[in-house]
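Heads up, the thing below is written out as structure tokens.
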């Protein structure tokens, strides 16, 4: 591994970052009830959105993926990542952020999301415990 790559990975570990972060709110523009999902190790799976949120409808959301993990997301209108795919984003930018200040009537029906394609850091096995995605609760 190049020294420059090692330094870049080490600085990410020191400054901190989640592999991915997904936050949903019941209201527009990040208002109302909130549920935050995240992984510091790039877990890839299907996640059902809490019924306390889905019963009211998703009004806004924010997805963030760090450059070292390159996680992608698909949003579904049924639990278990079944049904129609309502939207998707790939994590191929330095910090991929996908924010929707107000979902459409169709988007408000989201019930689950799938995270896939996450890469692991070669020097840590993907184990970074940090917080940089903008909507992390502090």
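Residue numbers (this note's numbering): -6 to 131.
Heads up, the beta-carbon is just placed ideally off N, CA and C, and yes, glycines get one too.
Worksheet item: For the beta strand (DSSP E) that residue 44 lies in, which residues bound it at each end?
Response: One-based indexing of the chain shown puts residue 44 at position 51. Here residue 44 belongs to no beta strand (DSSP E); instead the alpha helix (DSSP H) covers 44 to 47.
Worksheet entry | Same chain, Cβ closer than 8 angstroms to residue 4, neighbours up to 5 away in sequence not counted | Against the chain shown, residue 4 aligns to sequence position 11. Because residue 4 sits at a pLDDT of 40, beneath the cut-off of 50, its placement in the model cannot be relied upon, and the point is left open.
Worksheet entry | Beta-ladder partner(s) of residue 93, from DSSP | For the purposes of this step, residue 93 is taken as residue 100 along the chain shown, with counting starting at 1. Residue pairing by DSSP places residue 93 opposite 54 in a beta bridge.
Discussion item. Less than 8 angstroms between the beta carbons of residue 80 and residue 68, yes or no?
Written reply: Within the chain shown, residue 80 is the residue found at index 87, counting from 1. Within the chain shown, residue 68 is the residue found at index 75, counting from 1. Closer than 8 angstroms, so yes.
Discussion item. With a threshold of 8 angstroms, are at least 3 pairs of Cβ atoms found where one atom belongs to the region 95 to 105 and the other to the region 57 to 66?
Written reply: The region 95 to 105 makes no contact with the region 57 to 66; the number of CB pairs closer than 8 angstroms stays below 3.
Practice prompt. Take the Cβ of residue 45 as the centre, count every other Cβ of all protein chains shown within 10 Å, and call the residue buried at 16 or more, exposed below.
Written response: Mapped onto the chain shown, residue 45 falls at position 52. Exposed is the call here.
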